[in-house]
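Counting from 1, position 557 in the sequence shown corresponds to residue 557 in full-length UniProt numbering; the numbering is continuous, with no gaps.
Data block below; observations after.
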Amino acid sequence: MARRSGLRGKQPVSSRPKLDLLFLQRFGRIQAILYPSWLSQSVLMYATLLAVALLEQLVVYQVGIIPSHFYEVLGNKDLTSFRNLTLIAITLIVLNSVLKSFDQFISSLMYVHWRQSLTTYLHRNYFQRKVYYVLNVLREDLDNPDQRISQDVERFCQALSTVASKCIISPFTLGYYTYQCFHSTGWMGPVSIFIYFVIGSTVNKILIGPIVATLVEQEKLEGDFRFKHMQIRVGAESAAFYRAGSVEQVRTGKRLQELLRTQRLLMQRELWLHLGVNTFDYLGSILSYVVIAVPIFSGVYDGLHPAELIALVSKNAFVSIYLISCFSQLIDLSTSVSDLAGYTHRIGELQEACLEISKSQGKEGLCVSEDLWEFEDSLDLGEGQSSGKAWILERVSFTSPSSDQLLVQNLTLQITEGNSLLITGNTGTGKTSLLRILNGLWEAAEGSVRRLTCFGPHGILFIPQKPFFTDGTLREQVIYPLKEIYPASDSADERIIRFLELTGLMSLLKRTGGLDKQMEWNWFDALSPGEMQRLSFARLYYHQPKYAVLDEATSALTEQVEGELYRACKQLGMTVVSVGHRSSLEKYHDSLLKLSGAGAWELSQLR
Ligand SMILES: Nc1ncnc2c1ncn2[C@@H]1O[C@H](COP(=O)(O)OP(=O)(O)OP(=O)(O)O)[C@@H](O)[C@H]1O
1 MARRSGLRGK QPVSSRPKLD LLFLQRFGRI QAILYPSWLS QSVLMYATLL AVALLEQLVV
61 YQVGIIPSHF YEVLGNKDLT SFRNLTLIAI TLIVLNSVLK SFDQFISSLM YVHWRQSLTT
121 YLHRNYFQRK VYYVLNVLRE DLDNPDQRIS QDVERFCQAL STVASKCIIS PFTLGYYTYQ
181 CFHSTGWMGP VSIFIYFVIG STVNKILIGP IVATLVEQEK LEGDFRFKHM QIRVGAESAA
241 FYRAGSVEQV RTGKRLQELL RTQRLLMQRE LWLHLGVNTF DYLGSILSYV VIAVPIFSGV
301 YDGLHPAELI ALVSKNAFVS IYLISCFSQL IDLSTSVSDL AGYTHRIGEL QEACLEISKS
361 QGKEGLCVSE DLWEFEDSLD LGEGQSSGKA WILERVSFTS PSSDQLLVQN LTLQITEGNS
421 LLITGNTGTG KTSLLRILNG LWEAAEGSVR RLTCFGPHGI LFIPQKPFFT DGTLREQVIY
481 PLKEIYPASD SADERIIRFL ELTGLMSLLK RTGGLDKQME WNWFDALSPG EMQRLSFARL
541 YYHQPKYAVL DEATSALTEQ VEGELYRACK QLGMTVVSVG HRSSLEKYHD SLLKLSGAGA
601 WELSQLR
């Protein structure tokens with residue numbers, strides 16, 4: 001059988017992340033998100049930062065040449081000029097510290113703005129249609145998407161803000177101090193400093209190479225370690241029933257050891273880079289004296305008075321030392337650049353995967369409402385709603401992901417209004433998988449699946465096997481996944497309370513202290529499995545869809561309660577498609593689809 005959808009299974013593993021053309025492309029794409037237009041907030045902030053940094057440089061230059069004026073004034077024993085100069089110096093220093101603080105403040109604001117833009121962009125793509133499902137369940141090549149969005153983006157923006165605030169002024173300072181250096185030392189000064197920088201950058205580029213790949217690996221392991229802790233957090237009670245503390249300690253410890261091993265390797269590799277950076281820093285300080293010494297020993301300044309010579313040496317020293325420090329600062333950025341490259345690759349991979357998945361999903365077969373689940377859109381009834389059909393399946397075959405285990409072969413089926421269907425079969429025969437196919441989470445390997453009714457109120461609602469609850473109030477659990485009550489009316493509260501009563505959850509209403517009390521608890525820990533299933537039914541009644549697809553939705557309840565819940569579904573006019581093992585379910589359905597494994601199935605009428 002042909003392999004299905006390209007979304008599934010292991011994708012080709014991307015090449016080892018490096019400081020290469022791919023990095024530049026990914027970095028460029030991220031910049032396009034951060035700076036969407038010439039008049040965007042980021043550009044305006046960047047322009048303000050540039051203005052402040054330029055002003056700061058002007059003041060720094062004035063502060064830098066003040067010692068040379070002091071030498072001159074002190075050499076001439078000129079008290080009035082000394083007083084004036086001291087006043088000017090204090091003013092300049094205050095101005096300098098104000099500008100520096102603003103520089104840091106604007107950089108921090110930019111960091112927050114970048115983080116907001118990038119995270120919002122990734123969220124938009126991640127939560128689009130079922131991208132988050134494919135990334136977390138079906139794709140094995142992209143590790144920890146959650147960590148990429150939460151932690152990697154944060155660190156990327158931190159590193160970018162460090163690099164940006166240092167680089168923003170570089171072209172101006174380099175230009176200006178090169179000119180000044182040339183003016184005081186001749187061509188020898190700037191040329192030797194440039195050669196020093198080219199050598200420094202080349203050496204550092206070589207040393208950064210292995211760091212980028214190790215940093216990417218470290219972030220992956222960091223995500224795995226956090227995921228392990230999240231697993232324990234979510235399943236704390238089940239683990240405690242097993243007294244699984246010691247085994248989980250060993251397993252969590254193993255992940256920690258792996259992470260620390262990679263961190264040590266990263267540090268070893270960074271040691272060479274730090275060695276390079278520090279060597280070039282200190283070589284730079286000696287180079288500055290060599291640059292000043294050349295014109296002095298070659299007799300350029302022989303005719304000067306000693307006080308003038310000292311003032312000139314002091315000024316020249318400042319100019320060449322500053323030029324070298326500008327270059328050194330760029331070399332110092334090597335560590336930030338290696339971080340930036342690592343995070344760029346991780347965010348870039350996520351961005352590419354999201355776009356690839358949403359492109360492959362396209363708009364095919366989507367109802368207007370599917371993306372948004374907005375109630376206005378849901379009122380747009382499709383062709384199926386008027387024809388009374390929800391699905392038409394023709395010769396559909398499907399397998400489980402990343403295996404060729406055939407689950408169902410050549411299934412032809414119509415799900416129509418008023419004709420409830422029960423799906424049964426042994427464990428692992430593909431019952432839930434058939435619902436995934438109906439939902440569009442999986443694609444069929446062969447045949448056609450046509451959905452003719454939209455998701456949402458008046459359409460189709462799935463109640464999955466594992467109940468899902470969001471954070472927040474009881475009302476938000478009931479109306480989920482709608483964001484607001486629907487239809488908006490004064491009687492909305494009454495409706496919700498009526499459905500809570502119908503599902504036997506009035507005690508829960510009492511416990512929460514009302515529909516709108518913000519609950520701090522985790523709903524999965526606070527409710528029993530039976531309560532979770534009852535709450536799922538309250539949600540179903542609230543939405544009152546035409547078709548309710550229930551995956552073992554009453555497995556934790558008694559047959560009596562099951563009967564009450566199914567009868568209420570019928571009274572509310574729903575056609576149900578259920579997956580279940582109990583024979584007691586048969587009386588609430590009109591037909592039965594029995595899956596027998598290895599592709600076999602049998603469809604029969606129950607009444
Ligand atoms: N995301 C997945 N990746 C790989 N295999 C999967 C995935 N989800 C399900 N499977 C496999 O597909 C097969 C069918 O799974 P499915 O959930 O449809 O079983 P089921 O008939 O609903 O079983 P049960 O009665 O236990 O709920 C199983 O062998 C399962 O292990």
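Idealized CB from N, CA, C, for every residue including glycine.
3-residue-minimum beta strand (DSSP E) runs that sit fully inside the stretch 63-126, ordered along the chain:
Taking only runs of at least 3 residues, no beta strand (DSSP E) segment lies wholly in the stretch 63-126.
Which one of His345, Ser397, Ile415 has the shortest CA to CA distance from Val408?
As a working note, residue 408 is residue 408 in the sequence shown. It is Ser397.
Would the beta-carbon of Lys431 fall within 8 Å of that of Val579?
Taking the sequence shown and counting its residues from 1, the one referred to as residue 431 is at position 431. Taking the sequence shown and counting its residues from 1, the one referred to as residue 579 is at position 579. Taking 8 Å as the cut-off, the Cβ atoms of Lys431 and Val579 count as close.
Please confirm whether Tyr196 and Leu135 have their CB atoms less than 8 Å apart.
In the sequence shown, residue 196 corresponds to position 196, counting from 1. In the sequence shown, residue 135 corresponds to position 135, counting from 1. The answer is no: Cβ separation not under 8 Å.
Let me check one thing: in DSSP terms, what residues is Tyr547 bridge-paired to?
The residue you call residue 547 lines up with position 547 of the sequence shown. In DSSP, Tyr547 forms a bridge with Ile460, Thr575.
Asn410 lies in the beta strand (DSSP E); which residues open and close that run?
To locate residue 410, count along the sequence shown from 1; it is residue 410. Start and end: 406-416.
Can you tell me the Cβ-Cβ gap for Arg148 and Ile347, rounded? I've got them flagged as a contact below 8 Å.
Taking the first residue of the sequence shown as position 1, residue 148 is located at position 148. Taking the first residue of the sequence shown as position 1, residue 347 is located at position 347. So it is a contact: roughly 6 Å between Cβ atoms.
Residue range of the beta strand (DSSP E) that includes Phe225
The residue labelled residue 225 in the question sits at position 225 within the sequence shown. That residue, Phe225, is in no beta strand (DSSP E); its alpha helix (DSSP H) goes 188-234.
Could you spell out where the beta strand (DSSP E) holding Arg451 opens and where it closes?
Position 451 of the sequence shown, counted from the first residue, corresponds to residue 451. Start and end: 446-451.
Quick check: the Cα distance between Phe156 and Ile206, rounded to an integer number of angstroms?
As a working mapping, residue 156 is identified with position 156 in the sequence shown. As a working mapping, residue 206 is identified with position 206 in the sequence shown. Cα to Cα, the separation comes out at about 22 Å.
Mind the definition here: the stretch 296-310 touches the stretch 122-134 only if three or more C-beta pairs lie below 8 Å; say whether that holds.
With a cut-off of 8 Å, the stretch 122-134 and the stretch 296-310 do not count as touching, because too few Cβ pairs lie within range.
Can you tell me whether DSSP reads Thr399 as helix, strand or coil?
As a first step, residue 399 is located in the sequence shown; it is residue number 399 there, counting from the start. In the structure shown, Thr399 sits in a strand (DSSP, three-state: E or B).
If we count the other Cβ atoms within 10 Å of its Cβ and call it buried at 16 or more, is Gln180 buried or exposed?
Taking the sequence shown and counting its residues from 1, the one referred to as residue 180 is at position 180. Its Cβ being crowded by 16 or more others within 10 Å, Gln180 is buried.
Which word fits Ser369, buried or exposed, when buried means at least 16 other C-beta atoms lie within 10 angstroms of its C-beta?
By one-based count along the sequence shown, residue 369 stands at place 369. Low local confidence applies: a pLDDT of 46 at Ser369 is under 50, so the model's placement there is unreliable, with the coordinate-based value given in what follows. Under this definition Ser369 is a buried residue.
Cutoff 7 Å; reference Gly209; Cβ partners in own chain excluding five residues on either side
The count along the sequence shown starts at 1 and reaches residue 209 at position 209. Contacts found: Lys18, Leu19.
Please name the residue or residues paired with Gln151 in a DSSP beta bridge.
As a first step, residue 151 must be located in the sequence shown, where it is residue number 151. Answer by DSSP bridge pairing: none, since Gln151 is not bridged.
In or out: Pro545 buried (at least 16 other Cβ within 10 Å) or exposed?
The residue you call residue 545 lines up with position 545 of the sequence shown. That one is buried.
Where Arg139 falls: helix, strand or coil (DSSP):
As a first step, residue 139 is located in the sequence shown; it is residue number 139 there, counting from the start. Looking at Arg139 - three-state DSSP - the assignment turns out to be strand.
For ligand 1, any of its heavy atoms closer than 7 Å to the Cβ of Pro210?
As a first step, residue 210 is located in the sequence shown; it is residue number 210 there, counting from the start. False, no ligand heavy atom lies under 7 Å from that Cβ.
Length of the line joining the Cα atoms of Asn316 and Ser192:
Residue mapping note: residue 316 aligns to position 316 of the sequence shown, counting from 1. Residue mapping note: residue 192 aligns to position 192 of the sequence shown, counting from 1. The alpha-carbon atoms of Asn316 and Ser192 are separated by roughly 15 Å.
Same chain only: Cβ atoms within 7 Å of Met506, ignoring 5 sequence neighbours per side
Taking the sequence shown and counting its residues from 1, one reaches residue 506 at position 506. Excluding residues up to 5 positions away in sequence, Leu500 lie with their Cβ nearer than 7 Å to the Cβ of Met506 in the same chain.
Going by beta carbon distance, what residues of the same chain come within less than 8 Å of Cys354, once the five residues before and after it are set aside?
One-based indexing of the sequence shown puts residue 354 at position 354. The answer, listed in chain order, is Leu122, Asn125, Tyr126, Gln128, Val131, Leu135.
Glu237: buried (16+ other C-beta within 10 angstroms of its C-beta) or exposed?
Within the sequence shown, residue 237 is the residue found at index 237, counting from 1. With fewer than 16 other Cβ atoms within 10 Å, it is exposed.
Quick check on this structure: which residue in Val291, Gly418, Glu352 has the alpha carbon closest to the alpha carbon of Arg29?
Counted from its first residue, the sequence shown places residue 29 at position 29. Out of Val291, Gly418, Glu352, Glu352 has the C-alpha closest to the C-alpha of Arg29.
Can you tell me whether Ser400 sits near ligand 1, meaning its C-beta is under 7 Å from at least one heavy atom of the ligand?
Translated into the one-based positions of the sequence shown, residue 400 becomes position 400. Yes, since a heavy atom of ligand 1 falls inside the 7 Å radius drawn around the Cβ of Ser400.
For the candidate residues Val337, Ser536, Asn426, whose alpha-carbon lies nearest to that of Val212?
Here residue 212 refers to the residue found at position 212 when the sequence shown is read from its first residue. Measuring C-alpha to C-alpha distances from Val212 to each of Val337, Ser536, Asn426 identifies Val337 as the nearest.
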